[in-house]
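In what follows, a single structure is set out as structure tokens and then discussed.
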Amino acid sequence: MWLRTLALGFLFAAPPAMAQLMDDVTVPNEWLQNWRRTEGDQIAFCVAHGSDTAAFEQAVGEELAAALLLKPVFVESQSGFSIDGMGYLDAVLLSLTNECDVMLGMALVTGGGYPDWLTVTRPYAGVPFLVTTTQNAAYRSLGDVPPGRTIGTQIVSAGDTMLYAYVSQLPPSEQWRRLPYGDSGRLVERLRDGTLDAIIIYEPALMTVTEGDPAAAGLQVIAAEPLRDLEVPIGAVLLSRNIFLRTQLDSAIASLVADGTIARLMAEHGLGGTPGGP
Amino acid sequence: MRRDTLTGLLAMTALVALVVPAGAQTATRDYAPVTNDVLLDPPDGDWIMWRRTLNNWGYSPLNQVNRDNVENLELAWAWPMAELGQQELAPIERDGIIFLATNNNVVEALDAATGDLIWTYRNVRPDFGASAGYHNGQVTRQKNSVALWGENVILTTVDARLISLDAVSGEVVWDLQVNDWQKGYSYTAGPLVADGKIFTGTSGCSITGTAGACWITAHNADTGEEIWRFNTLDDPNNPLVDESWRGVPLENRWGATPWATGAYDPDLDLVYYGTGMPIPYTEISRGTGDGDVLYTNSTLAIEADTGTLRWYFQHLPRDNWDLDSPFERLLIDAEIGGTMRNLLVSVPGKMSIAFGLDRGTGEFFWATDTVFQNVVSGIDEKTGRVFTNVATIPTAVGEEKLFCPAIAGGKLWMATAYSPDTGGFYIPVANTCQSIAPRVGVEFTPGNSVASSQTGPRTLPDGETMVGSLHVLDVVDGEHIWTIEQPARFTSSLFTTAGGIVFGGDAGRYFSAYNDETGELLWQVRLNAPIGGYPMTYEVDGVQYIAVPAGRSNQTEAAVTPSIGMPIGSGNSVFVFKLRNALR
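Heads up: the sequence lines are chains P and C, in that order. The opening residue of the first sequence carries number 67 in the working numbering; numbering runs sequentially from there. The opening residue of the second sequence carries number 836 in the working numbering; numbering runs sequentially from there.
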């Protein structure tokens, strides 16, 4: 019980966010609640609408809440933003100010990708991008695909970035052609119709598109070599003022990784990758 | 023509609209239909469209308020806006009714002399839900201009509909779904009405569901029936388009969004629209290499009757910085080298270079820098070919480049103006820079194709001390006439009058009147919030009024000008001024 009291005390003692001078946020201040959230022994998690990993995120949230002796509440946060992310951070600020304490399922962007008013937890999972071909293809790894052939990716994704970073180091005569798509279903469709020789796709997206059975859809996952590090670290973000809660969540995540809970949840939800992140 | 306005206290809730007539009294108003002749030559006292005339001058022939008496302006009335969001109101006035369209597609009609409410139209739209984050934000950034045709008010909506309202009652005449909002389509800008047609430029072309298609459409102004549509990302008649995308197929293209209102030349029967940047911002991400990516950042001259592209001019090929070029095109006739030429003059994009083109052919005449920019290294003096500065293009993931102006411009939606009395082209711009790098990591939530290039904080260019900048160029040759520089960014559009004045407002909440020949400050008033939208003027019963929107602005550059305190509240309102001791 001491942990619950401690968590609640610090969780709700911090002043509310004041965002009027944030360069990267354009939400009207009138929309931001300026009172402390009073939720008793609840902790509210946001999970993105339509996320391919929504069920997994909710399971993680339930375990995190249990570890903190709090009752979980889940709120659906917005998706459907433009590729350039316009308005996304506005929505994150609104959600974390008005609706939830923690936003789950967030990629832990390296290189300072988040603004100062957000803080990130340690990752609870590393979820892979997969190199995939049709079963007719003779390739056993990405490296078997001849130069000049076309590799499809999910636009602005980690897999897309990793492929570009690798290809750009090669002489032009040894490069693949990279073609980024905005829709995972279309990406798989173009693999199956022969437009693409291979694709690099987020594992949960592949499972969604193929209804959990890539083989039945005539696809096969092949080795990523020569690419490496195709796992994305997944964690949570909070408002920076909630530093105590973040510390508690970090501890809880460490415990759930250590005792095998995260591994169990990943297996239950069909996720490969690494508990605790790559 | 006399029309009955109200038949008593009536509140009608229709399937798609809530129209609320004001007050309990029965009232009548005169309202003369807006014909094609009226559109071509509006009465001096009316401001009947976005920039008052089809040539987008933003000029009024009214001169009751002039250099000698502008200091005697006083408040006539004020009105709060119905919805929160950016204050980008473009008031429209006809026959003593002022139409105010605000965020979330609320339209209000007021008596332009007294500020008395006549009717309110409150659009009923779908609940966008959690799957439409773009649209939930888009409702706060509508450009808020309506157009007039016949006895109707034409409105574009956030859910990609085109609606005709009765100008006197506010009731819906027809309602057309132009594009599928669930794919991502929307409208930011208001429509253009000319030649019996409604022209619209679509928004939302950076959403994954809109891949390969971004539209300029033409409709029958009486019925809304679609006449043609032009795709700004594709042109089967021009092989250079596909070539410029370097093999990226149509289904993998985004951007070229025509998100401002167009212009129309009745003699050439051409409609002019500008287009935005390619998506994603950086060529590394979009896979287009050194391609120009047509028709992004271009002026498109389209035959009004057929939708056929007559010519195009690309103002910023190979954009890597979100410096899109959709803004207003002004149609001006001027004598060049002894020959009267039909010019298209514009600062089309955020990079803030002014261009003078032949609007019949697209032939290049001149280009002039305004604020500092480093994204264009040169322009061919004969062909007008714009050379992108490759030194500012990121060539590797994570490589940071400083570019100027910043993503918010430079020039932005705040419109320029022209005065036929001075031959001056009046341009509100900002001195800013910013860094950009293709993001090292991934999307915010993996698998959803939503990310952004990593941008740094805005800064002033080296050696610059002022953000706000108002440039005046000679439309004949683009030469500078005069310039104002000040700490506060100009956050409103400009307009000019036959009274010898150019009006505009800034982030410091000042609305100002300048001598249009010298830039001398003649008068200013400080309002409740940054000046926004499209200030304008009109006349009712012999009295000239000046309407000034003020309210929330995303372009205050508060981080670069911290000494200018910004209000926390939005305070979106319109303030209307007239001369002290004016008759009414």
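Note that beta-carbon positions come from the ideal geometry of N, C-alpha and C, so glycine has one too.
Compile a chain-ordered list of the residues in the segment 142–157 of chain P whose CB is closer than 9 Å to at least one CB of chain C.
Within the segment 142–157 of chain P, the residues whose Cβ lies closer than 9 Å to some Cβ of chain C are Glu142, Ser143, Gln144, Ser145, Gly146, Phe147, Ser148, Ile149, Asp150, Gly151, Met152, Gly153, Tyr154, Leu155, Asp156, Ala157, listed in chain order.
Could you have a look at tryptophan 1094 of chain C and say whether DSSP puts it in helix, strand or coil?
Look at tryptophan 1094 of chain C here: in three-state DSSP terms it is coil, with no helix or strand label.
CA-to-CA distance, valine 303 of chain P to leucine 72 of chain P, given in whole angstroms
Confidence at leucine 72 of chain P is low in this model, with a pLDDT of 35, below 50, so its placement is unreliable and no value can be given for it.
Take the Cβ of histidine 1315 of chain C as the centre, count every other Cβ of all protein chains shown within 10 Å, and call the residue buried at 16 or more, exposed below.
By the neighbour-count criterion, in which a residue is buried when 16 or more other Cβ atoms sit within 10 angstroms of its Cβ, histidine 1315 of chain C is exposed.
Mind checking whether threonine 1110 of chain C and alanine 1091 of chain C have CB atoms under 9 Å apart?
Between threonine 1110 of chain C and alanine 1091 of chain C, the CB-CB gap stays under 9 Å.
Under 8 Å: do the segment 1380–1390 of chain C and the segment 1324–1336 of chain C share three or more Cβ pairs, one atom per stretch?
Taking one beta carbon from each stretch, the segment 1380–1390 of chain C and the segment 1324–1336 of chain C have 3 or more pairs nearer than 8 Å; the two touch.
With a threshold of 16 other CB atoms inside 10 Å of the CB of isoleucine 1042 of chain C, please say whether the residue is buried or exposed.
By the neighbour-count rule (16 or more Cβ atoms within 10 Å), isoleucine 1042 of chain C is buried.
With a CB to CB cut of under 7 Å and the five nearest residues on each side skipped, what residues in its chain are close to proline 344 of chain P?
Excluding residues up to 5 positions away in sequence, Gly192, Asp295, Glu297, Pro299 lie with their Cβ nearer than 7 Å to the Cβ of proline 344 of chain P in the same chain.
What's the C-alpha gap between alanine 231 of chain P and leucine 337 of chain P?
Cα to Cα, the separation comes out at about 25 Å.
Leaving out five residues on either side along the sequence, give the residues of the same chain with a beta carbon under 8 Å from the beta carbon of phenylalanine 147 of chain P.
Cβ neighbours of phenylalanine 147 of chain P beyond the five flanking positions: Gly153, Tyr154, Ala157.
According to the neighbour-count rule (16 or more other Cβ atoms, all chains shown, within 10 Å of its Cβ), is glycine 1126 of chain C buried or exposed?
Buried is the call here.
To the nearest angstrom, report how far apart aspartate 1001 of chain C and glycine 284 of chain P are at their CA atoms.
C-alpha of aspartate 1001 of chain C to C-alpha of glycine 284 of chain P: approximately 57 Å in a straight line.
Return the Cβ separation of phenylalanine 1346 of chain C and proline 1322 of chain C in integer angstroms, given the expectation that the two are a contact with Cβ distance under 8 Å.
About 16 Å separates the Cβ atoms of phenylalanine 1346 of chain C and proline 1322 of chain C, ruling out a contact at the 8 Å cut-off.
Considering only residues of the same chain and omitting the five flanking positions on each side of threonine 1123 of chain C, which have a CB-CB separation below 6 Å?
Closer than 6 Å at Cβ, skipping near neighbours: Trp1080, Arg1081, Val1083.
Name the one or two DSSP bridge partners that glutamate 341 of chain P has.
Residue identity check: residue 341 of chain P is proline in the sequence provided, not glutamate. Answer is P:Ala191, bridged to proline 341 of chain P.
Short CB-CB distance (under 9 Å) between methionine 332 of chain P and chain C
At least 9 Å separates the CB of methionine 332 of chain P from every CB of chain C.
Determine the direct distance from the alpha carbon of leucine 184 of chain P to that of phenylalanine 1065 of chain C, and round the result to whole angstroms.
Distance from the CA atom of phenylalanine 1065 of chain C to the CA atom of leucine 184 of chain P, rounded to whole angstroms, is 42 Å.
Contact set between alanine 1095 of chain C and chain P, taken where Cβ atoms lie within less than 7 Å:
In chain order: nothing, as chain P lies at least about 16 Å away.
Residue range of the beta strand (DSSP E) that includes methionine 1401 of chain C
Premise fails: methionine 1401 of chain C is in no beta strand (DSSP E) and is neither H nor E.
In chain order, what residues of the segment 1104–1127 of chain C put their CB closer than 8 Å to some CB of chain P?
Cβ contacts with chain P come from Ile1114, Pro1115, Tyr1116, Ile1119, Ser1120, Arg1121, Gly1122.
Between the segment 263–279 of chain P and the segment 222–240 of chain P, are three or more C-beta pairs nearer than 8 Å?
The segment 263–279 of chain P, when compared against the segment 222–240 of chain P, does touch it at the 8 Å Cβ threshold.
For valine 232 of chain P, return the contacting residues in chain C, with the cut-off set at a CB-CB distance below 8 Å.
The identity of residue 232 of chain P in the sequence shown is tyrosine, whereas the question assumes valine. Correct list: empty, because the minimum Cβ distance to chain C is about 10 Å.
Report the residues of the segment 1156–1173 of chain C with a CB closer than 9 Å to any CB of chain P, ordered along the chain.
When C-beta distances to chain P are compared with 9 Å, the residues of the segment 1156–1173 of chain C below that value are Asp1157, in chain order.
Which same chain residues end up closer than 7 Å to threonine 1058 of chain C when comparing Cβ atoms and leaving out the 5 residues on each side of it in sequence?
These residues qualify, in order along the chain: Trp1009.
Pair every Cβ in the segment 884–902 of chain C with every Cβ in the segment 1336–1352 of chain C, then say whether three or more of these pairs are closer than 8 Å.
Yes, they touch.
Alpha-carbon spacing of serine 117 of chain P relative to proline 212 of chain P, whole angstroms
Distance between the alpha carbons of serine 117 of chain P and proline 212 of chain P is about 34 Å.
Strictly by DSSP, which residues pair up with leucine 910 of chain C?
According to DSSP, which records beta bridges pairwise, leucine 910 of chain C is partnered with C:Phe1412.
For threonine 216 of chain P, which residues in the same chain have their Cβ closer than 8 Å to its Cβ, ignoring the five residues on either side in sequence?
For threonine 216 of chain P, where only same-chain residues beyond five positions count, the Cβ hits under 8 Å are Trp242, Arg243, Arg244, Leu245, Thr261, Leu262, Asp263.
Along the alpha helix (DSSP H) that carries leucine 162 of chain P, what are the first and last residues, could you check?
Element bounds for leucine 162 of chain P: 154–164.
Mind reading off the beta-carbon distance from glutamate 1086 of chain C to alanine 1046 of chain C? Whole number of angstroms is fine, and I expect it under 8 Å.
Contact flag correct, Cβ pair sits at about 5 Å.
Can you pull the chain P neighbours of valine 942 of chain C, defined as C-beta to C-beta under 9 Å?
Those do not exist, as valine 942 of chain C stays about 20 Å from chain P at its closest Cβ, beyond 9 Å.
Quick one: does serine 1237 of chain C have its CB under 9 Å from some CB of chain P?
The sequence given here has leucine at residue 1237 of chain C, not serine. No - not a single Cβ of chain P is within 9 Å of the one on leucine 1237 of chain C.
Specify the secondary structure class of phenylalanine 1330 of chain C as computed by DSSP and reduced to three states.
Secondary structure of phenylalanine 1330 of chain C (DSSP, three-state): strand.
Contacts that arginine 1387 of chain C makes with chain P (C-beta to C-beta distance below 8 Å)
The answer, in chain order, is Pro94.
Considering only residues of the same chain and omitting the five flanking positions on each side of leucine 1075 of chain C, which have a CB-CB separation below 7 Å?
Leaving aside the five residues that flank leucine 1075 of chain C on each side, the residues in its chain whose CB is nearer than 7 Å to its CB run, in chain order, Leu1129.
Got a sec, what are the start and stop residues for the alpha helix (DSSP H) valine 873 of chain C sits in?
Note, valine 873 of chain C: alpha helix (DSSP H), 871–875.
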